[in-house]
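A.B. asks: Could you have a look at this structure, given as structure tokens, before my questions?
Number of protein chains: 2
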Amino acid sequence: MAATARILDFLRDRRPEGPCLVVDLEVIADNYRAFRRAMPDTRIFYAVKANPAPEILKMLADMGSCFDTASVPEIEMALAAGATADRISFGNTIKKERDIARAHALGVKLFAVDSDEEVEKVARAAPGAQVFCRILTDGAGAEWPLSRKFGCEPAMAVDVLMHAHRLGLEAYGISFHVGSQQTRLEAWDQALEESKAIFDAMQARGITLKMVNLGGGFPTRYLKEVPGTGSYANAIHEALTKHFGNAIPETIIEPGRGMVGNAGVVKAEVVLISKKHANDNHRWVYLDIGKFGGLAETMDEAIRYPIVTAKDGDEKAPCVIAGPTCDSADVLYEKVPYDLPVTLTVGDEVLIEATGAYTTTYAAVAFNGFSPLKSYVI
Amino acid sequence: MAATARILDFLRDRRPEGPCLVVDLEVIADNYRAFRRAMPDTRIFYAVKANPAPEILKMLADMGSCFDTASVPEIEMALAAGATADRISFGNTIKKERDIARAHALGVKLFAVDSDEEVEKVARAAPGAQVFCRILTDGAGAEWPLSRKFGCEPAMAVDVLMHAHRLGLEAYGISFHVGSQQTRLEAWDQALEESKAIFDAMQARGITLKMVNLGGGFPTRYLKEVPGTGSYANAIHEALTKHFGNAIPETIIEPGRGMVGNAGVVKAEVVLISKKHANDNHRWVYLDIGKFGGLAETMDEAIRYPIVTAKDGDEKAPCVIAGPTCDSADVLYEKVPYDLPVTLTVGDEVLIEATGAYTTTYAAVAFNGFSPLKSYVI
Numbered sequence: 001m002a003a004t005a006r007i008l009d010f011l012r013d014r015r016p017e018g019p020c021l022v023v024d025l026e027v028i029a030d031n032y033r034a035f036r037r038a039m040p041d042t043r044i045f046y047a048v049k050a051n052p053a054p055e056i057l058k059m060l061a062d063m064g065s066c067f068d069t070a071s072v073p074e075i076e077m078a079l080a081a082g083a084t085a086d087r088i089s090f091g092n093t094i095k096k097e098r099d100i101a102r103a104h105a106l107g108v109k110l111f112a113v114d115s116d117e118e119v120e121k122v123a124r125a126a127p128g129a130q131v132f133c134r135i136l137t138d139g140a141g142a143e144w145p146l147s148r149k150f151g152c153e154p155a156m157a158v159d160v161l162m163h164a165h166r167l168g169l170e171a172y173g174i175s176f177h178v179g180s181q182q183t184r185l186e187a188w189d190q191a192l193e194e195s196k197a198i199f200d201a202m203q204a205r206g207i208t209l210k211m212v213n214l215g216g217g218f219p220t221r222y223l224k225e226v227p228g229t230g231s232y233a234n235a236i237h238e239a240l241t242k243h244f245g246n247a248i249p250e251t252i253i254e255p256g257r258g259m260v261g262n263a264g265v266v267k268a269e270v271v272l273i274s275k276k277h278a279n280d281n282h283r284w285v286y287l288d289i290g291k292f293g294g295l296a297e298t299m300d301e302a303i304r305y306p307i308v309t310a311k312d313g314d315e316k317a318p319c320v321i322a323g324p325t326c327d328s329a330d331v332l333y334e335k336v337p338y339d340l341p342v343t344l345t346v347g348d349e350v351l352i353e354a355t356g357a358y359t360t361t362y363a364a365v366a367f368n369g370f371s372p373l374k375s376y377v378i
Numbered sequence: 001m002a003a004t005a006r007i008l009d010f011l012r013d014r015r016p017e018g019p020c021l022v023v024d025l026e027v028i029a030d031n032y033r034a035f036r037r038a039m040p041d042t043r044i045f046y047a048v049k050a051n052p053a054p055e056i057l058k059m060l061a062d063m064g065s066c067f068d069t070a071s072v073p074e075i076e077m078a079l080a081a082g083a084t085a086d087r088i089s090f091g092n093t094i095k096k097e098r099d100i101a102r103a104h105a106l107g108v109k110l111f112a113v114d115s116d117e118e119v120e121k122v123a124r125a126a127p128g129a130q131v132f133c134r135i136l137t138d139g140a141g142a143e144w145p146l147s148r149k150f151g152c153e154p155a156m157a158v159d160v161l162m163h164a165h166r167l168g169l170e171a172y173g174i175s176f177h178v179g180s181q182q183t184r185l186e187a188w189d190q191a192l193e194e195s196k197a198i199f200d201a202m203q204a205r206g207i208t209l210k211m212v213n214l215g216g217g218f219p220t221r222y223l224k225e226v227p228g229t230g231s232y233a234n235a236i237h238e239a240l241t242k243h244f245g246n247a248i249p250e251t252i253i254e255p256g257r258g259m260v261g262n263a264g265v266v267k268a269e270v271v272l273i274s275k276k277h278a279n280d281n282h283r284w285v286y287l288d289i290g291k292f293g294g295l296a297e298t299m300d301e302a303i304r305y306p307i308v309t310a311k312d313g314d315e316k317a318p319c320v321i322a323g324p325t326c327d328s329a330d331v332l333y334e335k336v337p338y339d340l341p342v343t344l345t346v347g348d349e350v351l352i353e354a355t356g357a358y359t360t361t362y363a364a365v366a367f368n369g370f371s372p373l374k375s376y377v378i
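The following block contains the structure:
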């Protein structure tokens, strides 16, 4: 989680101007190896959306990773990084038919669906492709729960997969997502129980499903301790054995945050510290990065990043932390104020840790005239 | 509010691929003239952040507008559009000292402050400049209320302005912002009463303030009817007369949404329509634009845009509306579902009206691999 020596050296030597993200590739390599070691029978599809920096994709492609993509540009980035099309999944359940056709033309064979309508588009634009149906889970225990946007009720998945079969697609498997930053290990158990029921219902109709996509949800450590990769692997293995016995299907995982979250650190600067009235109990600390500069996941104060300063040994007091734009919604932590050193002053540098995932690409293109977050991959 | 004939012609003739914003300059020109007519004694500072398209800035500069800017790049854009530095205000209360110095070097003389700390930066980096102190208002009645991020309690403003005076700055005036999309006409009355009290307190200390910056907050019509510019002008004029009598100060306004909101229309496409289970009461309608593609102001369903389809004569039924990314937070309207025609199908075009403000620059730079919102100014 903490900034690595390589990151600190880079910041000290290069002194980049303005807020920036620095990502340490060695941490990502360690994470990849930890996933591979913990789940040797599971294929790893890195969720490109978490951080699509070309250096990251290239290294993971070289290490043998597969890629979960959300759009045609992400497919093209994975191919450019050296992944072959058979290692790429088009994992977004919401695709334009012409984008499915482009993915098909690029050789992609594996597509996510969660409705008859999407099955029909895939059948027309990518005939013969493999599809997996995403099912809804309740997402309890996740810090960034997934609402009901993706997936259908398990009872409907059988109909969707039978529809795919009838239209000449290969009904290949099931996917689910327990919710991002999921710390409740049992979350996978219920989803796998439901997956097994769908496998059985399909088998009764003469179709053998082959794959369970276990999704992402593997957490990064922010302020609170989280279980390690090994604990997740054990919980998932136990649930697979419990529900599938000795007929465990092919499995894949889609780590994004769990692969790159702890590999990145944002360097930012204190622009202003002020109070709203003479007796205000809380200082307002304004940074040169905020919700529209890459820290969008602070929305509703969902993700609470560790913030490190050079003065952390000094006494601390609660602050409201806000971004630099003229948008009043650009406040990071206000409902639950954040303790920062009382000696912190304007111009001080702060490090916002565990920001390797879902930061650079979330940044607004030019809101208030500010540039998007710069990124250095070392 | 509705798409103009020029916008509809442009979309029909050019058939731009992908989601895009089309802005009609003639609507903006009409809005500018309406503000000037309704408030002939007030200088208009267009809030560049609402939409910084060069064509818009150029036209407004030619018409005589001044510009409220949030950053050095916005100052540079206003200068490039032909505004002289004396027509530019650096209206962000959160500025790096080196950015104040750059603004000063570019000739900008008018700066916003709301704390002693910011006053000290301005005094060092822009000696002799004019400053106005932003005060907090409660924002009641605004659809996009402004929290407490900007401004200080009125009681503290006198101290801040006296501090500016002692450091050689010109204590020039007061600013406030009643909250964006403010429909309660009385909102300005309370803020002007507080402004007058600060004028009096400064006068008692031998300093004559000259200006009240009435801020923005002028609404665009989305789904609900809003009062016209004339009603706002009357309410403000009455409040000014009530509190300042025959010594009405210089006033400025900073319309952003009210200047460009109704001039733009987003063209989008239905990517998928599905249900979550066989008996689902709500269809899920997925568009190719969402919260990260430019419609960030749907956050908490705050702004409810009018959505127009070619099938609006048909029966309608409630839908959840979501964007195309793999982010479950990318849902536009779910708590209060949105009525759309039951005949709407995948591939249909929809027009999202009143999207001229706070859309293009809010778009994420590349989230999920999707391009930022394209913009055409005609």
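One line per chain: the protein sequences are W and F, in this order.
Oh and the first sequence: position 105 is 105 in the UniProt record's numbering, straight run, nothing missing.
Oh and the second sequence: position 23 is 23 in the UniProt record's numbering, straight run, nothing missing.
The C-beta atom is built at its ideal place from N, Cα and C for all residues, glycine as well.
What is the C-beta distance between Leu223 of chain W and Ile289 of chain W, in whole angstroms, given that I count them as a contact (C-beta under 8 Å)?
C.D. replies: The count along the first sequence starts at 1 and reaches residue 223 of chain W at position 223. The count along the first sequence starts at 1 and reaches residue 289 of chain W at position 289. Rounded, the Cβ-Cβ distance is 18 Å, inconsistent with contact.
A.B. asks: Against Thr325 of chain W, what residues of chain F qualify as contacts under a CB-to-CB distance less than 9 Å, listed in chain order?
C.D. replies: Here residue 325 of chain W corresponds to residue number 325 of the first sequence, with the count starting at 1. Result: Lys49, Ala70, Ser71, Asn92, Ile94.
A.B. asks: Unbroken alpha helix (DSSP H) runs of length 4 or more, entirely within the segment 81 to 131 of chain W: which are they?
C.D. replies: 97 to 105, 116 to 125
A.B. asks: Mind pulling the chain F residues with CB within less than 7 Å of Val346 of chain W?
C.D. replies: The residue given as residue 346 of chain W occupies position 346 in the first sequence. Residues of chain F passing the Cβ test: Glu117.
A.B. asks: Using only CA atoms, which one of W:Ser195, W:Leu21, W:Ile7, W:Ala5 lies nearest to His243 of chain W?
C.D. replies: As a first step, residue 243 of chain W must be located in the first sequence, where it is residue number 243. The residue with the shortest Cα to Cα distance from His243 of chain W is W:Ser195.
A.B. asks: With Phe10 of chain F as the anchor, note down where its alpha helix (DSSP H) starts and where it stops.
C.D. replies: Taking the second sequence and counting its residues from 1, one reaches residue 10 of chain F at position 10. Residues 5 to 14.
A.B. asks: Where do the ends of the beta strand (DSSP E) carrying Pro318 of chain W lie?
C.D. replies: Position 318 of the first sequence, counted from the first residue, corresponds to residue 318 of chain W. Taken as a continuous stretch (DSSP letters only), the beta strand (DSSP E) holding Pro318 of chain W covers 316 to 322.
A.B. asks: Leaving out five residues before and five after Glu170 of chain W in sequence, what residues of the same chain have Cβ atoms less than 6 Å from its Cβ?
C.D. replies: Locating residue 170 of chain W in the first sequence gives position 170, where the first residue counts as 1. Gln130, listed in sequence order.
A.B. asks: Excluding the 5 residues flanking Arg205 of chain W on each side, which residues of the same chain have their C-beta closer than 8 Å to its C-beta?
C.D. replies: If you number the first sequence from 1, residue 205 of chain W lands on position 205. Contacts found: Val158, Met162.
A.B. asks: Going by DSSP, what residues sit across from Thr69 of chain W in a beta bridge?
C.D. replies: Position 69 of the first sequence, counted from the start, is the residue given in the question as residue 69 of chain W. Answer by DSSP bridge pairing, in chain order: W:Phe90.
A.B. asks: So is Cys152 of chain W in contact with chain F if we call contact Cβ pairs under 8 Å?
C.D. replies: Numbered from its first residue, the first sequence carries residue 152 of chain W at position 152. Cβ-Cβ to chain F under 8 Å: yes for Cys152 of chain W.
A.B. asks: Ile56 of chain W to Val377 of chain W, Cα distance in whole Å?
C.D. replies: What you label residue 56 of chain W is simply residue 56 of the first sequence in a count that begins at 1. What you label residue 377 of chain W is simply residue 377 of the first sequence in a count that begins at 1. Straight-line Cα distance between these residues: approximately 8 Å.
A.B. asks: I want to verify the contact list: residues of chain F whose CB lies under 7 Å from the CB of Phe132 of chain W, in sequence order.
C.D. replies: Numbered from 1 along the first sequence, position 132 holds the residue referred to as residue 132 of chain W. Chain F residues near Phe132 of chain W: none, gap ~15 Å exceeds 7 Å.
A.B. asks: Residues in its own chain within less than 7 Å of Ala322 of chain W by CB, not counting five upstream and five downstream?
C.D. replies: By one-based count along the first sequence, residue 322 of chain W stands at place 322. If we look at Ala322 of chain W and ignore the five residues flanking it on each side, its Cβ neighbours are Trp284, Tyr286, Gly290, Asp330, Val331, Leu332.
A.B. asks: Scan the segment 265 to 295 of chain W for residues whose Cβ lies nearer than 8 Å to a Cβ of chain F and list them as they occur along the chain.
C.D. replies: Within the segment 265 to 295 of chain W, the qualifying residues are Glu269, Val271, Leu272, Ile273, Ser274, Lys275, Lys276, His277, Ala278, Trp284, Tyr286, Asp288, Phe292.
A.B. asks: For Thr42 of chain F, which beta-bridge partners are listed by DSSP?
C.D. replies: For this step, residue 42 of chain F is matched to residue 42 along the second sequence. Thr42 of chain F is bridged to F:Thr251.
A.B. asks: Select from the segment 214 to 242 of chain F all residues with a C-beta closer than 8 Å to any C-beta belonging to chain W, and list them in chain order.
C.D. replies: none
A.B. asks: In this structure, what does DSSP give as the bridge partners for Asn213 of chain F?
C.D. replies: Within the second sequence, the letter at position 213 stands for residue 213 of chain F. Asn213 of chain F pairs with F:Ser175, F:Ile252.
A.B. asks: Please return the same chain residues whose Cβ sits closer than 6 Å to the Cβ of Gln203 of chain W, not counting the five positions on each side in sequence.
C.D. replies: Translated into positions along the first sequence, residue 203 of chain W becomes position 203. Closer than 6 Å at the Cβ level, and outside the excluded window around Gln203 of chain W, lies no residue.
A.B. asks: Going along the chain, which residues of its own chain have a beta-carbon closer than 6 Å to the beta-carbon of Pro52 of chain W, five neighbours each way excluded?
C.D. replies: On the first sequence, residue 52 of chain W is found 52 positions in, with the first residue counted as 1. Contacts found: Met77.
A.B. asks: Is Lys196 of chain W helix, strand or coil by DSSP?
C.D. replies: The residue you call residue 196 of chain W lines up with position 196 of the first sequence. Here Lys196 of chain W sits in helix by DSSP.
A.B. asks: Against Pro16 of chain W, what residues of chain F qualify as contacts under a CB-to-CB distance less than 9 Å, listed in chain order?
C.D. replies: Within the first sequence, the letter at position 16 stands for residue 16 of chain W. None at all; the shortest Cβ gap to chain F is about 15 Å.
A.B. asks: Given a cut-off of 8 Å, decide if Thr220 of chain F and Arg257 of chain F are closer than it, judged by their beta-carbon atoms.
C.D. replies: Position 257 of the second sequence, counted from the start, is the residue given in the question as residue 257 of chain F. Position 220 of the second sequence, counted from the start, is the residue given in the question as residue 220 of chain F. With contacts defined by Cβ atoms closer than 8 Å, Arg257 of chain F and Thr220 of chain F form a contacting pair.
A.B. asks: At least one CB of chain W closer than 8 Å to the CB of Glu74 of chain F: is that the case?
C.D. replies: By 1-based counting over the second sequence, the position of residue 74 of chain F is 74. With 8 Å as the cut-off, Glu74 of chain F counts as an interface residue toward chain W.
A.B. asks: Distance, Cα to Cα, Glu117 of chain W vs Gly216 of chain W?
C.D. replies: For this step, residue 117 of chain W is matched to residue 117 along the first sequence. For this step, residue 216 of chain W is matched to residue 216 along the first sequence. Distance from the CA atom of Glu117 of chain W to the CA atom of Gly216 of chain W, rounded to whole angstroms, is 25 Å.
A.B. asks: The beta strand (DSSP E) that contains Glu334 of chain F, what's its start and end?
C.D. replies: One-based indexing of the second sequence puts residue 334 of chain F at position 334. For Glu334 of chain F, the uninterrupted beta strand (DSSP E) run begins and ends at 331 to 341, by DSSP.
A.B. asks: Could you check which residue in W:Lys149, W:Glu186, W:Val342, W:His104 has the C-alpha nearest to that of Ile94 of chain W?
C.D. replies: Residue mapping note: residue 94 of chain W aligns to position 94 of the first sequence, counting from 1. Residue W:Lys149 is the option with its Cα nearest to Ile94 of chain W.
A.B. asks: If you check the beta carbons only, do Lys96 of chain W and Ala70 of chain W fall under 8 Å apart?
C.D. replies: Walking along the first sequence from the start, residue 96 of chain W turns up at place 96. Walking along the first sequence from the start, residue 70 of chain W turns up at place 70. No.
A.B. asks: Hey, Pro337 of chain W and Val271 of chain W: beta-carbon distance below 8 Å or not?
C.D. replies: Position 337 of the first sequence, counting from 1, holds the residue named residue 337 of chain W. Position 271 of the first sequence, counting from 1, holds the residue named residue 271 of chain W. Not closer than 8 Å, so no.
A.B. asks: Looking at the structure shown, is residue 385 of chain W part of a helix, part of a strand, or coil, going by DSSP?
C.D. replies: There is no way to answer for residue 385 of chain W, as the model of chain W reaches only from 1 to 378.
A.B. asks: DSSP has Cys326 of chain W in a bridge; who is on the other side?
C.D. replies: In the first sequence, counting from the first residue as 1, residue 326 of chain W sits at position 326. None, per the DSSP bridge assignment.
A.B. asks: Quick one: give me the first and last residue of the beta strand (DSSP E) that Thr309 of chain W is part of.
C.D. replies: Against the first sequence, residue 309 of chain W aligns to sequence position 309. Run containing Thr309 of chain W: 307 to 309, per the beta strand (DSSP E) assignment.
A.B. asks: Which two residues bound the contiguous alpha helix (DSSP H) that contains Glu55 of chain F?
C.D. replies: The count along the second sequence starts at 1 and reaches residue 55 of chain F at position 55. Note, Glu55 of chain F: alpha helix (DSSP H), 54 to 63.
A.B. asks: Using DSSP's beta-bridge definition, name the partner residues of Leu136 of chain W.
C.D. replies: Against the first sequence, residue 136 of chain W aligns to sequence position 136. Looking at the DSSP assignment, Leu136 of chain W forms no beta bridge with any residue, so it has no partner.
A.B. asks: Which whole-angstrom value is the C-beta distance of Ala191 of chain W and Val178 of chain W, which I expect to be below 8 Å?
C.D. replies: For this step, residue 191 of chain W is matched to residue 191 along the first sequence. For this step, residue 178 of chain W is matched to residue 178 along the first sequence. The pair is a contact, with the Cβ atoms about 6 Å apart (cut-off 8 Å).
A.B. asks: For the alpha helix (DSSP H) containing Leu185 of chain F, list its first residue and its last residue.
C.D. replies: Against the second sequence, residue 185 of chain F aligns to sequence position 185. Premise fails: Leu185 of chain F is in no alpha helix (DSSP H) and is neither H nor E.
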